[in-house]
Amino acid sequence: MVGALLLLQGVQGCEETSSSGEPGVQLVDMPAIPMAGSPAVTPGAAGDTGMQASPVGTDPGGTATGTEQPGAQPDTEQPDAEQPGAEQPDTEQPDTEEPDTEEPDPALDLEPFSFFVTSLEIMRELSGSQDGFGGGLGGLTGADSICQQAAERVGFGAKTWRAFLSATDGGDGQPVHAIDRIGEGPWYDRNGRLIAEDIAGLLQERPDGDPQTVNDLPNEFGEGLQDMGDTHDVMTATNRDGQLDSTDPANTCNDWTSTTAVPIGGGRGEGGGLRLGHSWPAGSGMSWTTVHSARSCAAGVNLIQNGGGDGSSVGAGGGWGAIYCFALQP
0 MVGALLLLQG VQGCEETSSS GEPGVQLVDM PAIPMAGSPA VTPGAAGDTG MQASPVGTDP
60 GGTATGTEQP GAQPDTEQPD AEQPGAEQPD TEQPDTEEPD TEEPDPALDL EPFSFFVTSL
120 EIMRELSGSQ DGFGGGLGGL TGADSICQQA AERVGFGAKT WRAFLSATDG GDGQPVHAID
180 RIGEGPWYDR NGRLIAEDIA GLLQERPDGD PQTVNDLPNE FGEGLQDMGD THDVMTATNR
240 DGQLDSTDPA NTCNDWTSTT AVPIGGGRGE GGGLRLGHSW PAGSGMSWTT VHSARSCAAG
300 VNLIQNGGGD GSSVGAGGGW GAIYCFALQP
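Residue numbering for the sequence shown follows numbering that gives the first Met the number 0, starting at 0 and increasing by one per position.
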């Protein structure tokens, strides 16, 4: 660049004549052309060159970028910085399967157990009376709760339990049939022995499961009842088809809410009255769902063989007003 400036100074204002005496090329002042890496110059009166240097900035490649102003900051490229709240690029994420967060059913981890007859022990404990509940179970809901609590005592409260009882009114004006409350089966006793595979097998005179258990249906502890004495009577209010036997509320102890209702009619092999089944076969009848009727809804316990008893309570004919309980899960 220095050489170019000297050349311009040496020829500025001079004329070159040709051999013919004619004026040659007239050199005139031209603005200096900045060259890469050199300061730009402008014509002016200051200095002996007639040109004024003006500082300019250059980019990294040496190209002039303009006159630097006092106080101006260098024009340096800043890396992109993520700003808070700034929208992030929409980058596609690989498909990932959501983990299965559904809680496992604890009832599925339990061994097969889905049927029992309520023991004398649990009926006395939950009722707070040595005579048990009688027909006043607290309705179907209360009866279900008795089953649920009995199952909890032996470690099976995670299952859903229902009482095998019929009622004249389920709250909607329609009857409730015991067979519709207990699921589809199969059902097992506390010892894992089969009671019945399905409803068809259950609704036999005796369930068609393991003979060792169906002929002495056990309690929640897996114990048969026959060794305790005359213990076979179990409340159902249900016929052989598993349905409500009588539409008279007195024959269900006012749908399991009363100990003072007086069942009407009925007898051995007949409909009516408060129907009782036999947890084990007896001379008076074989059916586990319905054999004869109780003549009272009062609470009471009788374990002595005395025929049909005096009719003073649900247990007078042999028992304590027990009920059958079924789980909805095997």
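Here a beta-carbon is modelled for each residue, glycine too, at the ideal position from N, C-alpha and C.
Owing to the predicted nature of the structure, the values given are computational and were not obtained by experimental measurement.
Please identify the residue among the options whose C-alpha is closest to the C-alpha of residue i.
i, options, result
"Phe-112", "Glu-183, Gly-221, Gly-316, Asp-209", "Gly-221"
"Pro-329", "Asp-254, Leu-136, Arg-123, Arg-189", "Arg-189"
"Tyr-187", "Gly-169, Ala-166, Asn-218, Thr-167", "Asn-218"
"Leu-327", "Gly-135, Gly-156, Arg-161", "Arg-161"
"Leu-224", "Gly-265, Phe-325, Leu-109, Ala-321", "Ala-321"
"Thr-159", "Ile-263, Leu-109, Thr-212", "Leu-109"
"Phe-155", "Gly-317, Gly-208, Phe-114", "Phe-114"
"Asn-214", "Gly-170, Val-116, Gly-182", "Val-116"
"Thr-288", "Ile-178, Gly-172, Gly-228", "Ile-178"
"Asn-238", "Gly-282, Ser-165, Gly-307", "Ser-165"
"Asp-244", "Cys-146, Asp-232, Gly-265", "Gly-265"
"Asp-143", "Ile-181, Gly-172, Gly-191", "Ile-181"
"Gly-170", "Glu-196, Ala-199, Cys-146, Leu-139", "Leu-139"
"Gln-211", "Gly-191, Gly-127, Gly-282, Ser-283", "Gly-191"
"Ala-249", "Val-290, Thr-167, Asp-197", "Thr-167"
"Asn-305", "Leu-216, Ser-283, Asp-240", "Ser-283"
"Phe-325", "Leu-216, Gly-172, Gly-127, Gln-173", "Leu-216"
Tell me whether residue i sits in a helix, a strand or coil according to DSSP, three-state version.
i, result
"Met-234", "strand"
"Thr-251", "helix"
"Ala-297", "coil"
"Asn-125", "The question names Asn, yet the displayed sequence has Leu at residue 125. Leu-125 falls in the helix class under three-state DSSP."
"Arg-205", "coil"
"Ala-260", "coil"
"Ile-145", "helix"
"Ala-194", "With the sequence shown as reference, residue 194 is identified as Ile, and Ala is not the correct amino acid for it. Three-state DSSP puts Ile-194 in a strand."
"Gln-320", "The sequence given here has Gly at residue 320, not Gln. Looking at Gly-320 - three-state DSSP - the assignment turns out to be coil, as it is neither helix nor strand."
"Leu-139", "helix"
"Gly-314", "coil"
"Gly-189", "Just to set this straight, residue 189 is Arg in the shown sequence, not Gly. Arg-189 falls in the coil class under three-state DSSP."
"Pro-38", "Here the model assigns Pro-38 a pLDDT of 46, short of 50, so the residue's position is not dependable, and the following value carries that caveat. It is coil, neither helix nor strand."
"Leu-327", "coil"
"Arg-180", "helix"
"Ala-157", "coil"
"Ala-71", "Model confidence at Ala-71 stands at a pLDDT of 47, short of 50, so the residue's coordinates are unreliable; what they give is reported in the following sentence. Of the three classes helix, strand and coil, the one that applies to Ala-71 here is coil, per DSSP."
"Gly-284", "strand"
"Leu-119", "helix"
"Gly-223", "coil"
"Val-213", "helix"
"Arg-239", "coil"
"Gly-307", "strand"
"Gly-131", "coil"
"Gly-200", "helix"
Are residue i and residue j close, meaning C-beta to C-beta below 8 Å?
i, j, result
"Leu-275", "Met-234", "yes"
"Gln-242", "His-176", "yes"
"Phe-163", "Tyr-323", "yes"
"Leu-302", "Thr-230", "yes"
"Ser-295", "Gly-271", "no"
"Arg-205", "Met-122", "no"
"Ala-236", "Thr-251", "yes"
"Ser-312", "Ala-297", "yes"
"Ala-315", "Gly-134", "no"
"Leu-201", "Gly-228", "no"
"Leu-273", "Pro-262", "yes"
"Leu-119", "Val-300", "yes"
"Asp-232", "Gly-318", "yes"
"Gly-208", "Ala-199", "no"
Is residue i close to chain C, meaning its C-beta is less than 8 Å from at least one C-beta of that chain?
i, result
"Gly-156", "The structure shown has no chain C; it contains just one protein chain."
| At least three beta-carbon pairs within less than 8 Å, the stretch 143-157 to the stretch 254-268 | Touching, no, given that fewer than three Cβ pairs across the two stretches are closer than 8 Å.
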